[in-house]
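Undergrad:
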Amino acid sequence: MAREYKMVKRLEKVEETRRRIAKATYELHSTIGPALTTIALISNRAGLPRQTVYRNFGTQVELFRSCIAFGQEMHPMPDPSPWKSISDPGERLQVGLTQLYRWFEASEPVLTNGARDFGVVQEAAEVAQQPMEDVLKRIYETLCHGWARLEVSPVVSLAVDFATWKKLRRRQGMTSRAIVEMWSDLIRCRQPDRGRPLGK
């Protein structure tokens, strides 16, 4: 019993240490960006020796994955699965984009720095970010469903793109709500029957 208790405590300590490192990495990626984030800075921010960081995360990919996992815990990406129950494509589009843009707002610093530094940390970032890209692809597919695909797919692709949202939100000064309405109007206008979703 005593041995099992010690083992549980040891595992809890390891998990706490890994979480501190993941949190420090996420905070640094959000402020100075991945390219400038070093093991020394991570260890200093986490209050842990460098050897502890290396021991828990031996590669850049592992660090990136821990950072993304921590970010998902703090600000989960929207799950498009429940949107499929919304029969009206226009309503589904508005619900989906509203939730996606809420996540863009919450994750903007780390997404901005990640995009800026992508060329420097490309190999690790591509591997670590793949699950996030998969979710964005599912969001795109879900929001395209029910419309005339050929006409709307380029617009939906832009609508779910973080860089496009950021330009409209920050450079043009639009609210996320206004951006949702703009895409909704554009997609309806591109329908062959002048805005009516398929099957309506």
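Quick note on numbering that gives the first Met the number 0: the sequence shown kicks off at 0 and runs consecutively.
Beta carbons are placed, not taken as given, at the ideal position from N, Cα and C, and that holds for glycine.
Since the model is a prediction, treat every value here as computed from it, not as a measurement.
Of the residues H74, A114, V120, which one's Cα is nearest the Cα of Q98?
TA: Cα-wise, what sits closest to Q98 is H74.
Undergrad: Around the Cβ of G198, are there at least 16 other Cβ atoms within 10 angstroms (buried) or fewer (exposed)?
TA: For G198, the predicted model reports a pLDDT of 46, less than 50, meaning its position is unreliable; a value from the coordinates is still stated below. Its Cβ having fewer than 16 others within 10 Å, G198 is exposed.
Undergrad: Heavy atom of the ligand NAD less than 7 Å from the Cβ of K136, yes or no?
TA: What this structure holds is no ligand at all, so the ligand NAD is not there to describe.
Undergrad: Name the two residues that bound the continuous alpha helix (DSSP H) containing L185.
TA: Per DSSP, L185 belongs to the alpha helix (DSSP H) from 175–188.
Undergrad: Report the CB separation of G89 from R18 in whole angstroms; it is logged as a contact under 8 Å.
TA: About 42 Å; that fails the 8 Å criterion.
Undergrad: Going by DSSP in three states, G46 sits in which element: helix, strand or coil?
TA: DSSP places G46 in coil when its eight states are reduced to three.
Undergrad: May I ask you to verify whether the region 76–88 touches the region 165–175, counting CB pairs closer than 8 Å and requiring at least 3?
TA: Segments in contact, no.
Undergrad: Compute the beta-carbon to beta-carbon distance between P33 and G113, rounded to the nearest angstrom, for a pair I have assumed lies under 8 Å.
TA: Indeed, because the Cβ distance is near 6 Å, the residues count as touching under 8 Å.
Undergrad: Under the three-state reduction of DSSP, which class applies to V119: helix, strand or coil?
TA: Looking at V119 - three-state DSSP - the assignment turns out to be coil, as it is neither helix nor strand.
Undergrad: Report the three-state DSSP secondary structure of D160 (helix, strand or coil).
TA: In the structure shown, D160 sits in coil (DSSP, three-state: anything other than H, G, I, E or B).
Undergrad: Grab the span of the alpha helix (DSSP H) containing F69 for me, first residue to last.
TA: Per DSSP, F69 belongs to the alpha helix (DSSP H) from 59–73.
Undergrad: Alpha carbon to alpha carbon, how far is I31 from T200? Give it in angstroms, no decimals.
TA: Coverage of the chain is limited to positions 0 through 199, which leaves residue 200 absent and any answer about it impossible.
Undergrad: Drop a sphere of 10 angstroms on the beta-carbon of E122, count the other beta-carbons inside from all chains shown, and report buried for 16 or more, exposed for fewer.
TA: So E122 counts as exposed.
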